[in-house]
Structures are given as structure tokens and as C-alpha cells.
Amino acid sequence: MTDAESRRAINEAVNALKRFVNSRQLDALHAARSGVALNLVAIGILHRVIDHGPIRPTELAERADIQPAALSRQIRILEEGGYIVRIGDAEDGRVSLVDATPEGREAYRSFAAANDALLAEQLKGWTAEELAGLAEQMQRLVADLRGVPRKPAAPPQN
184 MTDAESRRAI NEAVNALKRF VNSRQLDALH AARSGVALNL VAIGILHRVI
234 DHGPIRPTEL AERADIQPAA LSRQIRILEE GGYIVRIGDA EDGRVSLVDA
284 TPEGREAYRS FAAANDALLA EQLKGWTAEE LAGLAEQMQR LVADLRGVPR
334 KPAAPPQN
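Each residue of the sequence shown is one higher than the one before, counting from 184 in this note's numbering.
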């Protein structure tokens, strides 16, 4: 396979993966297995709120790499579902922050556990070496696509 053919194959695989990850079918499967009826965008935002909250929506939009208008919609969905709350910023009363509720944290834990179990089921025929190699190559691909230097791979453990 030539370099050009390889790049086309990679592009096709990335596009197919993107379509699958963003599919309603996968959202429904995650919801059925985790009991959490949120799409992957909302789950990603909830994850960032858990990791970085309380957080200003402007900073959250930057961290989530999402447009502010789209973020506002997702915040509304998460807030209406009881996954996050708005709180006042002690440093600037004009600003509101978003933070995860205990229910939001539990929902994320349930989703993450169900997602891990699903991926384990989907990749059950892969060896540990194949999984490690795929993880390393995917991290490298994402870093290169973003133009971000990647972390060196950890040495193999014996």
C-alpha cells in the first residue's frame, strides 16, 4: 500500500469511527447499559465539569472545544437532568459557575463503567499487546492531528 493509499484508508477509518461514536445507536446502547440517557457530547462536558469544576462556562467551552452556543444547550440539558448546578462565583458575583451534583458524579461513574464493559466486550478477541499497540497509535494519531506533542510511551512492564 502506498503512503497516499494508507492516508486514504486512515481517513476513511477515522470518518467511520466518528460516525459510529456520534451515532444515535451508540447513544441508545450506552443509555441502556448505564441507565444514563445522555449523548456523548453531554457526557464529555459532564466529565470536564467533574474534573475541573466549579468552572466558568467560558473556560468549559474552551476545555471541551465546543462553541459557547452549543455548550449553553448542553449545560441546559445537564442542569435540567440534575447532573450539574449553577452557582455564584465568590470572586465575581456577576459570573455563574457550573459544578457537578452528586447525581451527576454517580451518573458519570455508571456511564464510564458501562462504557468500559462495552468496549471490553467489543474488543474481547484482541490480545493485550494489540490493545496496547492500538491505544498508543490512537494517542499518537490524535496528538499529531491536533499538532500537540505526545507523551513518550511508557516502557513495557515485565
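Note that the Cβ used here is the ideal one computed from N, Cα and C, for glycine as well. Nothing here was measured: the structure is a model prediction, and the numbers come from that model.
Annotation for S293: the continuous alpha helix (DSSP H) segment containing it runs P285 to Q305. A direct Cα-to-Cα measurement between D282 and A295 gives close to 19 Å. Fewer than three beta-carbon pairs drawn from the stretch 209-222 and the stretch 303-322 are found closer than 8 Å, and the two stretches are therefore not classed as touching.
Contact check for I267 against V232 passes: the beta carbons are separated by less than 7 Å. Our two residues, R191 and A273, have alpha carbons roughly 51 Å apart in a direct line. Secondary structure of I238 (DSSP, three-state): strand. Around the C-beta of Q257, 16 or more other C-beta atoms lie within 10 Å, and the residue is accordingly described as buried. In this structure L254 is buried. Its beta-carbon is surrounded by 16 or more other beta-carbon atoms within 10 angstroms.
Beta-bridge analysis with DSSP links D282 to V268.
The continuous alpha helix (DSSP H) containing L261 extends over residues P251 to E263.
A straight-line Cα-Cα distance of about 15 Å links A196 and S206.
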